[in-house]
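Asks: Here it is, the structure in full.
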Amino acid sequence: MVKTHLLKLDFNDKDFSHIRNIRKTVFHVELGISESELFDKYDESCDHFLIFDGKNIVGSVRVISIDEKIKIERMAILKNFRTKNHGKTCISQIKEYYSTRGFSKIILDSIYSVKKFYQKCGFIEEGMIFQRVGIDHIRMSLTL
């Protein structure tokens, strides 16, 4: 079984450069999203996590708290580490971490082509397909 560990960072942490590189690789290079869209004003105030497999940094994710729910955003697993359950384990650890802190719901805006991954993690679709950064998305949620 592959191990997955999360390391919580904030925007000013010296290791935040890893998150910058992951987002650039996955969102800009692979998906063609403009570099100007990779970071926004929320990055300074939300929780960030690096995802490790015990030896390597395999991805990153950010979490924004909104009232009694959290929103998972910018989840990215580097190509060589996909399909090894790091994403699913990351979601599971995020659910556990935030449920113990009083949050009752997780929402996210999934790229439409990867919504099945989130469905496997227990999320359900909400609403209509919409465009963000030129890519189809769908809102999904999970009650904790």
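With the numbering used here, the residue at position 99 of the sequence shown is 1401, and numbering never jumps. Glycine is no exception: its CB is placed at the ideal position from the N, C-alpha and C atoms.
#1: In the structure shown, what three-state DSSP assignment does Ser1347 receive?
#2: Between which two residues does the beta strand (DSSP E) holding Ile1426 run?
#3: Comparing C-alpha positions only, which one of Asp1349, Ser1443, Leu1380 sits nearest to Val1365?
#4: What do you reckon, are the CB atoms on Leu1309 and Phe1351 nearer than 8 Å?
#5: Within the continuous beta strand (DSSP E) that includes Arg1441, where are the two ends?
#6: Go to Ile1413, then tell me how far its beta strand (DSSP E) extends in each direction, as first and last residue.
#7: Which parts of the stretch 1314 to 1376 are runs of the beta strand (DSSP E), unbroken and 3 residues or longer, counting only runs that do not cross its ends?
#8: Does the Cβ-Cβ distance between Phe1405 and Ser1367 come in under 8 Å?
#9: So, with DSSP's three-state summary, where would you put Lys1305?
Replies: Well, looking at it:
#1: Position 45 of the sequence shown, counted from the start, is the residue given in the question as residue 1347. Coil.
#2: Counting from one through the sequence shown, the residue named residue 1426 turns up at place 124. Note, Ile1426: beta strand (DSSP E), 1426 to 1434.
#3: The residue given as residue 1365 occupies position 63 in the sequence shown. Val1365 has its Cα closest to that of Asp1349, out of Asp1349, Ser1443, Leu1380.
#4: Numbered from 1 along the sequence shown, position 7 holds the residue referred to as residue 1309. Numbered from 1 along the sequence shown, position 49 holds the residue referred to as residue 1351. Yes, the Cβ-Cβ distance between Leu1309 and Phe1351 is below 8 Å.
#5: The sequence position of residue 1441 within the sequence shown is 139, counting from 1. Start and end: 1437 to 1445.
#6: Counting from 1 along the sequence shown, the entry for residue 1413 is found at position 111. It spans 1407 to 1413 - the beta strand (DSSP E) in which Ile1413 sits, taken as one unbroken run.
#7: 1349 to 1354, 1359 to 1368
#8: For the purposes of this step, residue 1405 is taken as the residue at position 103 of the sequence shown. For the purposes of this step, residue 1367 is taken as the residue at position 65 of the sequence shown. Closer than 8 Å, so yes.
#9: Taking the first residue of the sequence shown as position 1, residue 1305 is located at position 3. Three-state DSSP puts Lys1305 in coil, outside helix and strand.
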